[in-house]
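So the sequence shown is numbered by my numbering: it starts at 1301 and just counts up by one.
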Amino acid sequence: MNKKIISSVLVAAMAVTMVGCQQNKPGSGDAKLPAVGATIYKYDDNFMSFVRTQMAKKAEKKLALTISDAQNDQAKLNELVDGYISKGVKALDINLVTPQAASAIIDKAKPKNLPVIFFNKEPDEAALNSYDKAYYVGTRSSESGELQGKLVAEQWKKHPEWDRNKDGIMQYVMLKGEPGHPDAEARTKFSVESITKDGIKVQQMELQAANWDTAKAKDIVDAWISKHGNKIEFVIANNDAMALGALAALEAAGFKGEKAIPIVGVDAIPDALTKIENGEMVGTVLNDAGNQAQAVIDLTLNLINGKAPTDGTNWKLEGKAVRVPYKAITKDNLKEAKDSYGIK
Ligand code: GAL
Ligand code: CA
């Protein structure tokens, strides 16, 4: 290998390392910031990339926060935690790959008396209760389903033309997140429960897991369109990334403008907000990335300083969890969602 090739290989290797690991470098004067190790279950997840950015922002000047990509591999995440502990971090902020793996992380942290704040993927209560320095920051999963269902019902009543075959029944398809994920299970169940509670009759035409992913959702909806065509009257997605995949499939098949089929998601990621603003998506439910990140950082700091976890904050502990509320978002209140994601 000549020198040029070697150096470009090196540059590429460095770029990969930097993509996989984000750090708040202690600037001059704050070299003594406590070191904290964080993991994200995978960087290739649309919503979590906003949580990650918000965490780095909220940690500025408070913590020397290192965030790493577990690449959707729990064994890899466990290794990252071992690495953090051997480097002497003062706390761990953990977005699990497998919710059941919380106890394995607690087993590593407990002997060192290290606080562990789990976030986004909710561990079992029993695991949290097994360690006095383990907490969870997230949401109440069922609430997102209930709010999404309510939004769907309200909009359905306002738009009689959406009942394309005029049978008085909503023929819907459901895009599910990762099976076994508390958010995916609860959203799938409670969205439909809350639509029918409103007196609306529904018929599920399809349900499939697209694991939160835009490209997977697009493939699935492409197939549904070939099978059912314009018999689909509503697309309900457990998150916005999948809703965007559905939208791409439907628009490519000519379901746009007057022929559009209503779509809802959850998260309120910026791309979805644009689609709501343009009338291409009906609405979403804000999964408050900014406030969840803030709560993670607040609890981390307090626990490092030996204080009560919510000391000096407005967060309320329910058992071992801080639950940030969801909010239904339509064209009428986009600003609240934009603020949470830090968009102007
Ligand atoms: C959910 C979110 C999804 C996905 C998932 C990852 O709360 O709505 O979009 O990011 O977390 O665990
Ligand atoms: Ca119908």
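Note that CB positions come from ideal geometry on N, CA and C, so glycine has one too.
Here the structure is a predicted model, which means the values were calculated and not measured.
Assigned with DSSP and collapsed to three states, S1368 falls in strand. In this structure, V1622 places its C-beta atom within 9 Å of the C-beta atom of Y1435. About 5 Å separates the beta carbons of A1568 and I1629, which is inside the 8 Å limit, making them a contact pair. Apart from the 5 residues on each side of it in sequence, N1591 sits with its Cβ closer than 7 Å to the Cβ of V1624, S1640 in its chain, given in chain order. Fully contained in the stretch 1375-1432 are the following beta strand (DSSP E) runs of length 3 or more, in chain order: 1391-1394, 1416-1419. Between the alpha carbons of N1420 and Q1594 lies a gap of roughly 13 Å.
At least one heavy atom of ligand 1 is found less than 8 Å from the C-beta of M1348. The stretch 1451-1461 makes no contact with the stretch 1405-1424; the number of CB pairs closer than 8 Å stays below 3. Scanning its chain for C-beta atoms nearer than 6 Å, with the 5 sequence neighbours on each side dropped, one finds around Q1354 the residues A1589, G1590, A1593, in chain order. Uninterrupted beta strand (DSSP E) stretches at least 3 residues long and entirely within the stretch 1601-1626 occur at 1621-1623, given in chain order.
Counted as a single uninterrupted DSSP element, the stretch harbouring A1560 is not any alpha helix (DSSP H), since DSSP gives it neither H nor E. Distance from the Cα of N1530 is smallest, within the candidate group M1505, A1608, Y1341, for M1505. Between the stretch 1562-1582 and the stretch 1598-1608, the count of Cβ pairs shorter than 8 Å is below three; the stretches do not touch.
Between ligand 2 and G1468, a heavy atom-to-CB distance of less than 8 Å is present. The shortest CA-to-CA distance from K1631 to any of D1513, T1574, L1617 is the one to T1574. Secondary-structure assignment with DSSP links V1473 through a beta bridge to E1506, V1535.
DSSP places I1340 inside the beta strand (DSSP E), whose first and last residues are 1335-1340. Selection A1484, A1409, V1492, A1401 evaluated against S1441 yields A1484 as nearest (Cα-Cα). DSSP lists T1584 as the bridge partner or partners of I1629. Straight across, the Cα-Cα distance linking L1547 with W1524 is about 13 Å. In the DSSP secondary-structure assignment, D1567 is bridged to L1586.
Our two residues, A1338 and K1361, have alpha carbons roughly 16 Å apart in a direct line.
Judged by beta-carbon spacing, I1532 lies beyond the 9 Å limit of Q1448, meaning their Cβ atoms are not closer than that value. Each residue's CA atom was taken as its position, placing W1615 and P1334 some 22 Å apart. A check of alpha carbon separations from D1513 across K1476, V1502, A1553 identifies K1476 as the nearest. The residues F1490, S1494, in chain order, have a CB closer than 6 Å to that of E1446 in the same chain once the five nearest residues on each side in sequence are set aside.
Taking C-beta atoms as the reference points, A1427 and A1402 count as a pair closer than 9 Å.
Taking 9 Å as the cut-off, the beta carbon of V1564 is found no closer than this to the beta carbon of G1545.
Judged by DSSP secondary structure, A1541 falls within the alpha helix (DSSP H) whose first and last residues are 1540-1552. Check the Cα spacing between S1526 and each of A1549, N1511, A1537: the tightest is with A1549. Y1641 has no beta-bridge partner at all, per DSSP. Close CB contacts of V1492 within its chain, under the 7 Å cut and outside five residues either way in sequence, are with G1449, V1502 (chain order). Pairing T1488 with N1538 gives a Cβ-Cβ distance under 9 Å.
Around the CB of D1424, fewer than 16 other CB atoms lie within 10 Å, so the residue is classed as exposed.
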